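Here's the structure, in structure tokens; my notes come after.
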Amino acid sequence: LAAGGGALEQGAGRSERPVGSPFAGSGGSASSRGSRDSRGDSKKPSGNPFTSNPFATADANKGGWSSESAADVEAMQLRRAREASEKTWQYNRMLGVCAAAQDFQGAERIMQRMIKDRIKPNNETFAWVISASAEARDIVRAEFWLNRVAATRLYPKVPQQGAVLRSLAEAGAIGLVQGASVGDSAARTLTGSSGFFLHIKSLSASSREPSPKDVGKALEFFHEMVRQGKTPDLHHYTMLLGVLATGGRWEEVRKQMKDMREKGLEPNEVTYCALISGSAYGKDVKLAEEFFSEAVASGLQPTLGMMNAVLKVAARSVDVPAAERWLMKIKDAGMAPDTISHNTFLDACARAGDIASAEVALQRMTRQKLEPDAMSYNALVRACSGANNAQQAESWLDRMMEAMQPDTRVFNAALKACVDAKDFVRLGKLYERMREEGVAQDAATFTTMALLYARRGDFDRVEDLMFEAREAGFPRLEREYSCLLSAYANARPREPKRAERVFRDMVTEGVAPNDRTSRFLGMALGRNGARDLMVELGIPEPQESQPPDK
Numbered sequence: 001l002a003a004g005g006g007a008l009e010q011g012a013g014r015s016e017r018p019v020g021s022p023f024a025g026s027g028g029s030a031s032s033r034g035s036r037d038s039r040g041d042s043k044k045p046s047g048n049p050f051t052s053n054p055f056a057t058a059d060a061n062k063g064g065w066s067s068e069s070a071a072d073v074e075a076m077q078l079r080r081a082r083e084a085s086e087k088t089w090q091y092n093r094m095l096g097v098c099a100a101a102q103d104f105q106g107a108e109r110i111m112q113r114m115i116k117d118r119i120k121p122n123n124e125t126f127a128w129v130i131s132a133s134a135e136a137r138d139i140v141r142a143e144f145w146l147n148r149v150a151a152t153r154l155y156p157k158v159p160q161q162g163a164v165l166r167s168l169a170e171a172g173a174i175g176l177v178q179g180a181s182v183g184d185s186a187a188r189t190l191t192g193s194s195g196f197f198l199h200i201k202s203l204s205a206s207s208r209e210p211s212p213k214d215v216g217k218a219l220e221f222f223h224e225m226v227r228q229g230k231t232p233d234l235h236h237y238t239m240l241l242g243v244l245a246t247g248g249r250w251e252e253v254r255k256q257m258k259d260m261r262e263k264g265l266e267p268n269e270v271t272y273c274a275l276i277s278g279s280a281y282g283k284d285v286k287l288a289e290e291f292f293s294e295a296v297a298s299g300l301q302p303t304l305g306m307m308n309a310v311l312k313v314a315a316r317s318v319d320v321p322a323a324e325r326w327l328m329k330i331k332d333a334g335m336a337p338d339t340i341s342h343n344t345f346l347d348a349c350a351r352a353g354d355i356a357s358a359e360v361a362l363q364r365m366t367r368q369k370l371e372p373d374a375m376s377y378n379a380l381v382r383a384c385s386g387a388n389n390a391q392q393a394e395s396w397l398d399r400m401m402e403a404m405q406p407d408t409r410v411f412n413a414a415l416k417a418c419v420d421a422k423d424f425v426r427l428g429k430l431y432e433r434m435r436e437e438g439v440a441q442d443a444a445t446f447t448t449m450a451l452l453y454a455r456r457g458d459f460d461r462v463e464d465l466m467f468e469a470r471e472a473g474f475p476r477l478e479r480e481y482s483c484l485l486s487a488y489a490n491a492r493p494r495e496p497k498r499a500e501r502v503f504r505d506m507v508t509e510g511v512a513p514n515d516r517t518s519r520f521l522g523m524a525l526g527r528n529g530a531r532d533l534m535v536e537l538g539i540p541e542p543q544e545s546q547p548p549d550k
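Structure representation (structure tokens):
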């Protein structure tokens with residue numbers, strides 16, 4: 001191992017990115033292009049990702065795309081990188097078993113085999129070896145591997161990091177443990193008011209609906225703050241009510257409102273806006289309107305912010321008539337709808353796939369001397385996607401590019417329109433334009449493109465895309481696993497072994513299976529095979545619903 005240390009440092013010191021792309025002729029991975037921002041500073045690629053696309057036609061090759069030989073080379077390079085990553089993953093799984101069994105000698109033997117087979121270690125590799133040494137209470141070995149990690153500048157980050165750090169501390173490696181766990185310990189020491197504010201801030205930054213656990217944690221911090229002797233003010237109550245409303249805890253909302261009134265605190269405009277906005281998650285327009293009426297009855301003057309909040313609930317509920325009614329109510333109240341008002345109505349049209357109403361709304365917006373922004377055009381393109389009209393989506397993308405620089409979201413919406421319309425040639429052209437404009441890809445870009453290949457059962461291409469997404473720093477979540485399982489289910493012949501392996505990985509990674517992933521698993525393994533696997537993994541069978549799109 002000491003002799004192999006140099007090889008480890010050389011192999012793990014820098015993580016090389018694959019040269020190729022899952023799209024033939026793409027000119028590099030997403031990670032090498034730069035960032036997760038909406039814009040990138042990378043050079044424009046010369047090739048088109050769809051040169052070797054099985055759906056591309058002869059007409060698609062008239063635009064000066066790269067040769068198929070170069071495309072095949074790049075695709076092969078990426079596939080080799082992906083296969084190497086899968087080998088590392090397999091070794092890491094074995095190391096994880098050794099760590100759980102406190103078998104440090106076995107972990108070292110596996111590490112030696114990795115060096116012999118020229119398999120490149122990654123962060124998780126070192127984390128499991130350190131974990132095995134720590135669990136075995138071998139201080140010398142633990143410190144040796146900690147020093148090796150420091151030399152290679154790789155730092156262990158695994159889901160079990162907390163347990164690993166505790167084992168390291170017990171093994172005597174206190175110094176590095178303290179440096180690695182400062183952030184975690186600081187978070188754990190937050191209680192009361194500080195913890196409440198931090199928790200609410202983290203929920204506000206997230207686009208997902210808060211889980212029952214999130215809501216319970218907010219209440220726990222709130223009650224802890226009261227126990228510490230701090231009297232909640234209107235700001236505290238408003239933040240708590242917003243979380244409770246978003247989580248659908250309406251009985252608790254009424255209870256807290258009664259409590260704050262007993263303390264002499266009356267809800268203000270911000271409080272009612274939080275309650276109205278919370279109604280959007282339940283898509284309850286009637287409830288939002290009731291809160292608005294309650295606010296007015298309490299003596300508060302209607303404001304544009306409050307009315308925009310109700311408009312947002314109508315949009316989230318895909319209720320275009322209600323959204324238009326509230327847009328008119330803003331005018332009837334003597335106020336002028338702002339850009340937020342118009343964009344919210346456009347969002348309602350986009351969700352409904354109502355292109356005609358969206359186009360009229362944009363014209364109305366410009367007549368009022370309001371400049372459409374990126375969100376406005378994004379809504380128009382999404383409306384075209386909902387109507388399966390790829391040509392019109394591209395037309396609105398062109399309009400946007402004449403007025404401003406496009407961003408990732410609008411390109412993703414245009415790509416989705418092409419996928420939904422099965423317009424594969426246009427999809428390739430739009431993806432090329434996205435790269436030429438230097439617009440960075442995000443996780444949705446990869447999954448949208450993967451749908452194309454998943455529907456045709458081209459699991460090799462889907463695996464390439466999911467590998468590149470992971471290399472670019474995007475975690476593998478339900479959408480990514482769904483694409484993989486769909487590809488295995490649609491392959492001819494089907495790929496049950498691959499589907500089973502990916503499903504097991506999904507459960508191991510803590511991604512909860514849903515109706516979509518379970519159905520694709522059933523398509524790949526057969527109903528009985530899927531049921532047996534889910535029983536083995538302790539997963540309840542999901543309720544019957546509409547079959548997912550292929």
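Quick note: the sequence shown uses the UniProt record's numbering, first residue 1, plus one each step.
Glycine included, every Cβ here is placed at the ideal spot set by N, Cα and C.
These figures come from a predicted structure and were not determined experimentally.
1. On a Cα-Cα basis, can you pick out the residue from Cys349, Ala403 and Asn388 that is closest to alanine 414?
2. Taking the alpha helix (DSSP H) that phenylalanine 104 belongs to, which residues open and close that run?
3. Any contact of the segment 371 to 390 with the segment 412 to 432, i.e. 3+ C-beta pairs under 8 Å?
4. Where does leucine 525 land, buried or exposed, given buried means 16+ other C-beta within 10 angstroms?
5. Using the three-state DSSP reduction, which class does serine 317 fall into: helix, strand or coil?
6. How close, in whole Å, do the beta carbons of residue 553 and glycine 522 come, if the pair is a contact with beta carbons under 8 Å?
7. Considering only their Cβ atoms, is the gap separating arginine 426 from alanine 403 smaller than 7 Å?
8. Tell whether a beta-carbon distance below 7 Å holds between alanine 315 and alanine 352.
9. Which whole-angstrom value is the C-beta distance of alanine 279 and leucine 287, which I expect to be below 8 Å?
10. Let me make sure I understand the geometry here. Which of Met307, Leu430 and Val462 has the alpha-carbon closest to that of residue 553?
11. Give the straight-line distance between the Cα atoms of glutamate 480 and arginine 118, rounded to the nearest whole angstrom.
12. Within this structure, are the beta carbons of alanine 421 and phenylalanine 459 separated by less than 7 Å?
13. Mind checking threonine 447: buried by the 16 CB within 10 Å criterion, or exposed?
14. Is the beta carbon of leucine 484 closer than 7 Å to that of valine 507?
15. Taking just the CA atoms, how far does threonine 238 sit from glutamine 301?
16. Specify the secondary structure class of leucine 415 as computed by DSSP and reduced to three states.
17. When you compare only the Cα positions, how much space is there between methionine 307 and alanine 274?
18. Going by beta carbon distance, what residues of the same chain come within less than 7 Å of valine 285, once the five residues before and after it are set aside?
19. Thinking C-beta only, is valine 243 closer than 7 Å to alanine 218?
20. Quick check on the burial criterion: 16 or more other C-beta atoms within 10 angstroms. Buried or exposed for alanine 295?
21. Kindly indicate which residue of Ala101, Gln363, Ala100 and Arg93 has the alpha-carbon position closest to the one of proline 121.
22. Spatial neighbours of lysine 331 within its chain, please: CB distance less than 8 Å, with the 5 preceding and 5 following residues excluded, ordered by chain position.
23. Use the C-beta contact count for residue 561: other C-beta atoms within 10 angstroms, 16 or more gives buried, fewer gives exposed.
24. Between the alpha carbons of serine 211 and leucine 477, how many angstroms are there, rounded?
25. How would you call threonine 271, buried or exposed, if buried means at least 16 neighbouring beta carbons within 10 angstroms?
26. Helix, strand or coil: which one does DSSP assign to arginine 382?
27. Here's a check: name, in chain order, each residue in its chain whose Cβ is nearer than 7 Å to the Cβ of methionine 335, leaving out the five neighbours to either side.
28. Less than 7 Å between the C-beta atoms of alanine 107 and alanine 132, yes or no?
29. Using 7 Å as the threshold, is the C-beta distance between valine 215 and arginine 249 below it?
30. Under the rule that 16 or more other beta-carbon atoms within 10 Å means buried, what is leucine 362, buried or exposed?
31. So is lysine 429 buried or exposed if we call it buried at 16+ other beta carbons inside 10 Å?
32. Considering only the beta carbon of each residue, do alanine 489 and phenylalanine 520 sit closer than 7 Å?
33. Anyone know if the C-beta pair for tyrosine 431 and valine 410 falls short of 7 Å?
34. What three-state label does DSSP hand leucine 219 in the structure shown?
35. If asparagine 412 sits next to alanine 454, beta carbons under 8 Å apart, how far is it from one beta carbon to the other, in whole angstroms?
36. For serine 341, which residues of its own chain have a beta-carbon under 7 Å away from its beta-carbon, when the five flanking residues on both sides are left out?
Short version:
1. Residue nearest to alanine 414 within the set Cys349, Ala403 and Asn388 is Asn388 (criterion: CA-CA distance).
2. Counting along the chain, phenylalanine 104 sits inside the alpha helix (DSSP H) bounded by residues 104 to 116.
3. The segment 371 to 390 and the segment 412 to 432 touch, with no fewer than 3 CB-CB distances between them shorter than 8 Å.
4. Around the beta-carbon of leucine 525, 16 or more other beta-carbon atoms lie within 10 Å, marking it buried.
5. Serine 317: coil per DSSP, three-state reduction.
6. No information on residue 553 is available, as it lies outside the stretch 1 to 550 that the chain covers here.
7. Result no, Cβ atoms of alanine 403 and arginine 426 do not sit closer than 7 Å.
8. No.
9. It should be noted that the sequence gives serine, not alanine, for residue 279. With a Cβ gap of about 5 Å, serine 279 and leucine 287 count as contacting.
10. Here the chain comprises residues numbered 1 to 550, so residue 553 is not present and cannot be evaluated.
11. Roughly 29 Å separates the two Cα atoms.
12. Cβ atoms of alanine 421 and phenylalanine 459: not closer than 7 Å.
13. Taking a 10 Å sphere around the C-beta of threonine 447, we find 16 or more other C-beta atoms and assign the residue as buried.
14. Against a cut-off of 7 Å, the Cβ pair of leucine 484 and valine 507 comes out as no contact.
15. The alpha-carbon atoms of glutamine 301 and threonine 238 are separated by roughly 18 Å.
16. Collapsing the DSSP output to three states places leucine 415 in a helix.
17. Alanine 274 has its alpha-carbon roughly 12 Å from the corresponding atom of methionine 307.
18. Val313, Ala314, Ser317, Asp319 and Ala322.
19. In this structure, alanine 218 sits near valine 243, with a CB-CB distance shorter than 7 Å.
20. By the neighbour-count rule (16 or more Cβ atoms within 10 Å), alanine 295 is buried.
21. Comparing Cα positions, the closest option is Arg93.
22. These residues qualify, in order along the chain: Pro337.
23. An answer regarding residue 561 cannot be provided, because it is not within the stretch 1 to 550 covered by the chain.
24. Cα to Cα, serine 211 sits roughly 17 Å from leucine 477.
25. That one is buried.
26. DSSP places arginine 382 in helix when its eight states are reduced to three.
27. The residues are Leu304.
28. Between alanine 107 and alanine 132, the CB-CB gap stays under 7 Å.
29. Yes, they are a contact pair.
30. Flag for leucine 362 reads buried.
31. Buried is the call here.
32. For alanine 489 and phenylalanine 520, yes; Cβs fall inside 7 Å.
33. Contact: no.
34. Per DSSP, reduced to three states, the secondary structure at leucine 219 is helical.
35. With a Cβ gap of about 17 Å, asparagine 412 and alanine 454 do not count as contacting.
36. For serine 341, the CB contacts under 7 Å within the same chain, skipping 5 residues up- and downstream, are Asn308, Leu311, Leu327 and Ile330 in chain order.
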